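Novice: There's a structure below that I have some questions on.
Chains as they are written, first to last, in the numbering used here: chain F, 23 to 347; chain A, 368 to 592; chain B, 11 to 266; chain X, 3 to 385.
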């Protein structure tokens, strides 16, 4: 039963929306396939991840290292944070991550348990004044900041941990005295400070060298670098287990040889600017990558990897889910 | 007991989450109430002079409403971000200022609609009996405009509480921050609890405003009785 | 203009200056994360969600309005529509593995929130049709469907158009937020650059979003004017803008 | 006439090119109910609203109780003048009690005095305070709301009352009752009232004097209802008062002793034969039957007066009667209602005389001729 009038007048409303969509689809959105000069690797979907070995040591020593403003670097603070570094073995760090990320333990609870387990802050006192410890927006760093806060509180400071965000946010805050300390990552901070002052200094695979270089860069900026911990948390590059078996990938070098045409890479937005991220893959491994900005080993990266939207994903080496390929 | 099984399984409904993160939940809920309460309060404080200004001139009324309409069109995230450089990143001022700006269209327009709907004969009778202009506004026109004003307040209250959530993506959104953090940590229970709390706050606030209206307008009650 | 405490921008050049230069920079418009490309994605997501929502909301609203009953349901939908924050549903769906982080999930969430404004205004539009006009039409011998097509819908068209307009603007805004849950929209400019504190890019993105929303509003206002039956009245700026949130119109009547 | 309660001197109201009221002179004496009547656009409402300065006069002067109020503070002025309008305008958000107490509260009376005055007024207008004091306007009927409106206007006991078609929106039956009650109220309170209406019957019934205004506020005639109806000063008034103004005359002319005829009167205890003799002597077909104290007991027709017996047991009951002072209109309606050839006129219980159609007609003409001083031949009734 035709409704002439209805079709005529109501069609204007539907046309309105159709028009919006037609205009949108009509234009050609650039296809997102990789360049096809030679063998093209396509990601296989899967829910478990496999970390490709850093055989050419692209990732330098990203050991956890407390960095504080020199203005607050009194002895009680230094001793307390150095105690924390001393207690942070790789196993201890991974265990912390398992508790917080998998068992969903509250970071503050996990921190207090860690501090008492290693009776940190024992025999130390004399701290005074308030200290804000900056934390990056992911579980591990929040937990480390909580641990530092606990210990400093034991030593007498009024210490609080505060989530600030990426290094581009908390490093200037550190210099501007909006925050006073951070549990940082040696190699990454070294590279960040080097690029910030256009210095040619570079972190190395040996933590000792990296620390000396870091001190050289940090001291002039009013920052004091304390002892590095044994635990490290570098960027790690992972593919789905299915992709790893499909292409027989064990290390990043395998990937470079198996997929000369290059692969899609997903990770934190600052990866293209960080030498140990996208540039490093090209420089050290000659691996071409087309980058999609996602997040810091978060839901966006994980789902992109699992759904095959990206071939290679940047995750944390200390991430409990990341088992070697 | 650390890490009960439903937490490890990351299931959506998980009582253990409530007990393990009680402090955090309470903290963000209070922050949500504070920020939205402040925004609504300030919204009212700004709406009254703005409405009186709009009342004073015919053309003013049209331009005030269309200006507020333009602000209302700007997507919330864009306005939050646009205000940050001027109002600071590390605290919630930009979000509150934006929410206050959004609330003005509904509050001012309902204020004016309310005043328009006051019956002409009531005003004529009042003036005829010796009400001066101020007394007329305060004791006759405002009370009779209350129903429409409350209607606007109800909508503003509920939508402000919901809109604050968007602040979560820039870490200034009360329960919105808990929600977004939950997403980033892929923590299902936290995401669900934060969402449900926001909706519950919205509904409770709506009930409170309806209660206030019930108290403030006895004649409406009587009319319906 | 107070310097941004955490800004890492170059010395001397003020933030607005940087923002303008970012906008003036051609290759921020082209390329995968360029403004043009993201605008297309943004409109695609918005348009699709609107289509789905309209297919549900308009017939339902008109139907209920025609039968004059079901006002209670509409009020509940209106209140729910306001109380539930769209970001919550987007994140819940994105976190649920069965949906996952993709455009399909975002469109599902966005269309859910596009329904209330259209449903409410369609219902109100049809229900508020002048009863005398209806009696007259019945008197002339029109049956149900003819009544609907020849009288109720044409007369309800202005409010219907308002509903579509509000829903479209609301969906456009919500789509911006969806970028933080992995959907490529204009919000992606903010999401990416905020993480790396590229403040001028974030501001530029916000500016583009705001301006596009306002442009969309102007276009919609014009279309809505065209749809309105009856004499063309010259409308001053803003005068023709009906209550942007005419859900209030329903709530005013609800409350009163 | 300096002792007028309200006096308008050359009062004019101009709206840029149109003249609503044109140099109007009007004086209302204390306690007088002055009706303002005229077609729409005659400026009657504008005139009234200039008295309490809701509309500012363009020129001319207004005196209230002798003071020139043309330029005093209008807000204070209005608190000395009661104000009632057609849609009442009760404050929906206040109880009836608070509504009535509005002006006293504005004048700063203390609470107890306001409460007492409010109760008194509600009773005065026939609204039981115990029931209506705490009610809201929405819970009252149209008539009740209008009573509350009048009570509110009288609250501060103002000397002057302005009423703008107060009963215009009320159904005829209730209006009739409200008009009656208002007349009774006015009888007790003797307020000076300016009452605007477009209903000539209402003007005639209520007004002590009627001001007929024509287009542009020109005062056509300002006189008693009887005069207005009996001898309209101009064609305009005649047309306005309406063709059946003669009929309306009836409503304003009271039955007077001089109008009645004296029919044969027999006593209830008389014998029928005597009654027969009296009627035949007077050549009348009927006679009125009274008792000892001259109280009317009925009437007896000549055809029923044959045979023996007392007049009492032959008399018919007398339905059609009116009290002295009633209007000719009531006499006529009694006559028509009982289809009686004549109507008895009683003074309290005592029988005075009867009115026949003939005597009613002469009574009507008499009232016109006396007032207008016009010779019988040219009296308008002839046309």
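Note that beta-carbon positions come from the ideal geometry of N, C-alpha and C, so glycine has one too. From a predicted model like this one, the values you see are computed outputs, not experimental measurements.
Is the Cβ of residue 28(B) closer than 7 Å to any Cβ of chain A?
Specialist: No, residue 28(B) lies away from the interface with chain A (no Cβ there is under 7 Å from its Cβ).
Novice: Would you mind telling me which residues of chain A sit closer than 7 Å to residue 76(F), beta carbon to beta carbon, in chain order?
Specialist: Going along chain A, no residue has its Cβ under 7 Å from residue 76(F), so there is no contact; the nearest lies around 25 Å.
Novice: Name, please, each residue of chain A whose Cβ falls closer than 8 Å to the Cβ of residue 209(B).
Specialist: 452
Novice: Enumerate in chain order the residues of its own chain whose CB-to-CB distance from residue 79(F) is below 7 Å, with the five nearest sequence positions on each side excluded.
Specialist: 227
Novice: Can you name the residues of chain F whose CB is closer than 8 Å to the CB of residue 105(B)?
Specialist: 321
Novice: Report the neighbours of residue 194(B) on chain A: residues whose CB is nearer than 7 Å to its CB, in chain order.
Specialist: By Cβ distance, chain A contributes nothing, its closest Cβ being about 15 Å from residue 194(B), past 7 Å.
Novice: Going by beta-carbon coordinates alone, are residue 190(B) and residue 208(B) separated by less than 7 Å?
Specialist: Their beta carbons are not under 7 Å apart, which means residue 190(B) does not touch residue 208(B) by this criterion.
Novice: Are the segment 6-13 of chain X and the segment 59-75 of chain X touching by the rule of at least three beta carbon pairs closer than 8 Å?
Specialist: yes
Novice: What is the residue span of the beta strand (DSSP E) that residue 269(X) lies within?
Specialist: 267-269
Novice: Give the straight-line distance between the Cα atoms of residue 185(F) and residue 201(F), rounded to the nearest whole angstrom.
Specialist: 10 Å
Novice: Just mark residue 55(F) as buried or exposed, buried being the case when its beta carbon has 16 or more other beta carbons within 10 Å.
Specialist: Because residue 55(F) carries a pLDDT of 45, less than 50, the predicted location of this residue cannot be relied on, and no value is offered for it.
Novice: Please classify residue 197(F): does DSSP put it in a helix, a strand, or coil?
Specialist: DSSP, read as helix, strand or coil, puts residue 197(F) in helix.
Novice: Round the Cβ separation of residue 163(X) and residue 126(X) to the nearest angstrom and send it over; I've been treating them as touching at under 8 Å.
Specialist: Residue 163(X) to residue 126(X), Cβ: 13 Å. No contact.
Novice: Mark residue 53(B) as exposed unless 16 or more other C-beta atoms lie within 10 angstroms of its C-beta, in which case mark it buried.
Specialist: The residue in question, residue 53(B), is buried, as its Cβ has 16 or more Cβ neighbours within 10 Å.
Novice: Specify the secondary structure class of residue 584(A) as computed by DSSP and reduced to three states.
Specialist: coil
Novice: Quick one: what's got a C-beta closer than 7 Å to residue 549(A)'s C-beta in the same chain, skipping five residues either side?
Specialist: 557, 558 and 561
Novice: Would you call the segment 310-324 of chain F in contact with the segment 237-253 of chain F, where contact means no fewer than 3 C-beta pairs closer than 8 Å?
Specialist: no
Novice: Per DSSP, what kind of secondary structure is residue 24(X) in: helix, strand or coil?
Specialist: strand
Novice: Leaving aside the five residues before and after residue 564(A) along the sequence, list all residues of the same chain whose C-beta is less than 7 Å from its C-beta, in chain order.
Specialist: 396 and 542
Novice: Short check: CB of residue 335(F) to CB of residue 284(F), under 7 Å?
Specialist: Residue 284(F) is positioned such that its CB atom lies no closer than 7 Å to that of residue 335(F).
Novice: Anything in the segment 97-113 of chain X with a Cβ closer than 7 Å to a Cβ of chain A? List those residues in chain order, please.
Specialist: 104, 105 and 108
Novice: Under a three-way DSSP split, which group does residue 203(B) fall into?
Specialist: helix
Novice: Tell me the rounded alpha-carbon separation between residue 79(X) and residue 209(X).
Specialist: Between residue 79(X) and residue 209(X), the C-alpha separation is close to 25 Å.
Novice: Give the single residue among 252(X), 230(X) and 254(X) whose Cα lies nearest to the Cα of residue 243(X).
Specialist: Per the Cα distances, 230(X).
Novice: Just verifying my parser: in three-state terms, what is the DSSP assignment at residue 390(X)?
Specialist: There is no way to answer for residue 390(X), as the model of chain X reaches only from 3 to 385.
Novice: When the Cα atoms are used, what is the spatial distance from residue 132(B) to residue 236(B)?
Specialist: Approximately 18 Å, taken between the alpha carbons.
Novice: Tell me the rounded alpha-carbon separation between residue 72(X) and residue 27(X).
Specialist: 14 Å
Novice: Residue 102(F) and residue 166(F): beta carbons closer than 7 Å?
Specialist: no
Novice: Look up residue 340(F) in the DSSP assignment and say whether it is helix, strand or coil.
Specialist: coil
Novice: I need the boundaries of the alpha helix (DSSP H) containing residue 211(X), first residue and last residue.
Specialist: Segment 211-216 is the beta strand (DSSP E) holding residue 211(X); no alpha helix (DSSP H) there.
Novice: Is DSSP giving residue 157(F) helix, strand or coil here?
Specialist: strand
Novice: Check the Cβ-Cβ distances between residue 576(A) and every residue of chain F, and say whether any is below 7 Å.
Specialist: No, no contact with chain F.
Novice: Give me the Cα-Cα distance between residue 221(X) and residue 213(X), rounded to the nearest whole angstrom.
Specialist: 7 Å
Novice: With contact counted as at least three CB pairs below 8 Å, one residue from each stretch, are the segment 256-268 of chain F and the segment 170-185 of chain B in contact?
Specialist: no
Novice: Output, in sequence order along the chain, the residues in the segment 545-578 of chain A whose CB is closer than 8 Å to any CB in chain B.
Specialist: Hits within the stretch, in order: 546, 547, 549, 550, 553, 555, 558, 559, 561, 562, 565, 566, 569, 570 and 573.
Novice: Which residues mark the beginning and the end of the beta strand (DSSP E) in which residue 303(X) is found?
Specialist: 298-303
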